[in-house]
Amino acid sequence: MAAAVVQLQVATGSGPTLSNGESGFKYNREDTISGTTAVPIPTATGTNYSWLKWLALVVTTLGTTTMSNRRIQLSATETSGLAIFFQGNATYAQASSGNLPAASGSNGPATPAGFTRATTSLQVYDNTSTSTGSTGRNGTYCETVFGVDFTYAGGAGSAVALPDVRLVYDEA
Amino acid sequence: MDAWTWVAHYADGGTLEELDPHGDHGFADVDLERVCGFELRPIGAGLPAVYVMIDAAAGERPVFFRRRATSWLLAGGDPSTVFTCVGRRDGHGATCVFLDETGRVLLADEGAMD
């Protein structure tokens with residue numbers, strides 16, 4: 079079949095290592111898919127952020143096609159005080175305490191510099207056309223981060239619900 | 024398995040088929056300037072065939088792609104939804120239809136291509 083098999087994967091580690099993200103992943107303060115090191119809720123007006131989560135569309139079975147128009151979409155709007163942000167980024171940097179967005183002094187949650195808030199609408203993170211003739215990441219990373227602000231009233235926990243994230247693309 | 028496969032028809036009578044015994048093709052392999060018709064041939068039973076006439080001399084070119092999405096992680100919904108877009112474009116814009124896997128036309132305006 080000409081079509082490629084493609085999977086949403088999450089990059090971690092220095093390599094990085096790309097792992098299946100379609101069974102879920104957590105926004106945390108770890109360089110892991112499912113760790114539970116919490117993002118602290120601000121104790122005064124402001125927004126705190128998770129460590130970076132690097133998503134990617136990964137070709138797992140070759141195709142004879144090309145992919146383009148890669149976009150991100152949420153299944154619903156987040157609970158008030160929570161937000162997911164994204165930007166396309168071709169250059170990976172392992173998530174760490176040194177490269178998460180600096181805490182903001184504003185609620186919103188405030189959008190970190192360079193990022194865009196993800197919504198239920200499709201938003202492009204990479205529109206380059208790339209062959210599926212090679213396995214591995216296709217297109218840039220979709221660099222994401224989670225923010226929580228002082229207004230969040232949902233309570234803490236290691237399994238705070240967020241909307242589903244999916245990546246959408248065109249293949250021809 | 025996708026619901027349709029495509030066949031590009033050239034003005035000289037030749038064709039280029041996506042599923043080719045000698046090696047499958049991507050849409051990028053199509054010589055767009057020579058296409059006079061673009062066909063979606065159903066793979067599954069009960070689906071309509073679609074044929075788009077292309078006036079290459081007037082600057083028309085075929086449009087084709089499949090819009091795919093990774094599955095919703097938690098909701099468990101629409102894990103395999105694929106929309107197939109087919110149509111034509113010229114210097115003024117595009118005219119396309121989007122088909123779901125049951126053959127229903129879901130969207131048919133240029134903005135839907137974005």
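Protein sequences, first through last, are from chains A and B. Just add 78 to the spot in the first sequence (first one is 1) and you have the numbering used here. Just add 23 to the spot in the second sequence (first one is 1) and you have the numbering used here. Cβ atoms here follow ideal geometry from the backbone N, Cα and C, with glycine treated the same way.
Any C-beta of chain A under 8 Å from that of residue i
| i | result |
| --- | --- |
| His115/B | no |
| Leu47/B | At residue 47/B the sequence reads Asp, which differs from the Leu that was named. Closer than 8 Å: yes. |
| Leu122/B | no |
| Thr93/B | yes |
| Arg89/B | yes |
| Leu55/B | no |
| Phe61/B | no |
| Leu42/B | yes |
| Ala51/B | yes |
Residue j beta carbon less than 8 Å from that of residue i
| i | j | result |
| --- | --- | --- |
| Glu62/B | Ala80/A | no |
| Gln87/A | Ala134/A | yes |
| Leu70/B | Trp29/B | no |
| Thr222/A | Ile162/A | yes |
| Gly126/B | Ala117/B | no |
| Thr252/A | Ser184/A | It is not possible to answer for residue 252/A, since the shown part of chain A is limited to 79 through 250. |
| Ala116/A | Ala234/A | yes |
| Ile111/A | Thr90/A | yes |
| Gly225/A | Thr157/A | no |
| Glu100/A | Thr38/B | no |
| Tyr127/A | Phe164/A | no |
| Ala173/A | Ser182/A | no |
| Leu140/A | Leu240/A | no |
| Arg91/B | Val105/B | yes |
| Asp25/B | Ile66/B | yes |
| Arg244/A | Val136/A | no |
| Glu83/B | Asp113/B | yes |
| Arg149/A | Gly217/A | no |
| Glu249/A | Arg89/B | yes |
| Ser236/A | Thr95/A | no |
Residue-chain proximity (residue i, chain B), Cβ-Cβ < 8 Å
| i | result |
| --- | --- |
| Arg107/A | no |
| Leu86/A | yes |
| Val137/A | no |
| Glu221/A | no |
| Thr143/A | yes |
| Ala161/A | no |
| Glu249/A | yes |
Status (buried if at least 16 other CB within 10 Å, exposed otherwise) for residue i
| i | result |
| --- | --- |
| Pro85/B | buried |
| Gln247/A | Looking at the sequence shown, residue 247/A is not Gln but Tyr. When all chains shown are included, Tyr247/A counts as buried. |
| Tyr170/A | buried |
| Asn177/A | exposed |
| Glu56/B | exposed |
| Asp137/B | exposed |
| Ala180/A | exposed |
| His115/B | exposed |
| Gly192/A | exposed |
Whole-angstrom C-beta distance between residue j and residue i, which should lie under 8 Å
| i | j | result |
| --- | --- | --- |
| Cys59/B | Phe87/B | Contact doesn't hold; Cβ gap of about 15 Å is too wide. |
| Trp132/A | Asn106/A | With a Cβ gap of about 13 Å, Trp132/A and Asn106/A do not count as contacting. |
Cβ of residue i within 8 Å of any chain E Cβ
| i | result |
| --- | --- |
| Val246/A | Annotation note: the requested chain E is absent from the structure, which comprises protein chains A and B. |
Quiz item: At which residue ranges does the region 97-138 of chain A contain complete beta strand (DSSP E) runs of 3 or more residues, listed in the order of the chain?
Solution: 125-127
Quiz item: Which residue spans inside the region 26-108 of chain B form an unbroken beta strand (DSSP E) run of at least 3?
Solution: 27-33, 38-40, 58-65, 73-76 and 84-92
Quiz item: What are the start and end residues of each continuous beta strand (DSSP E) run of 3 or more residues lying completely inside the region 151-190 of chain A, in chain order?
Solution: 160-167
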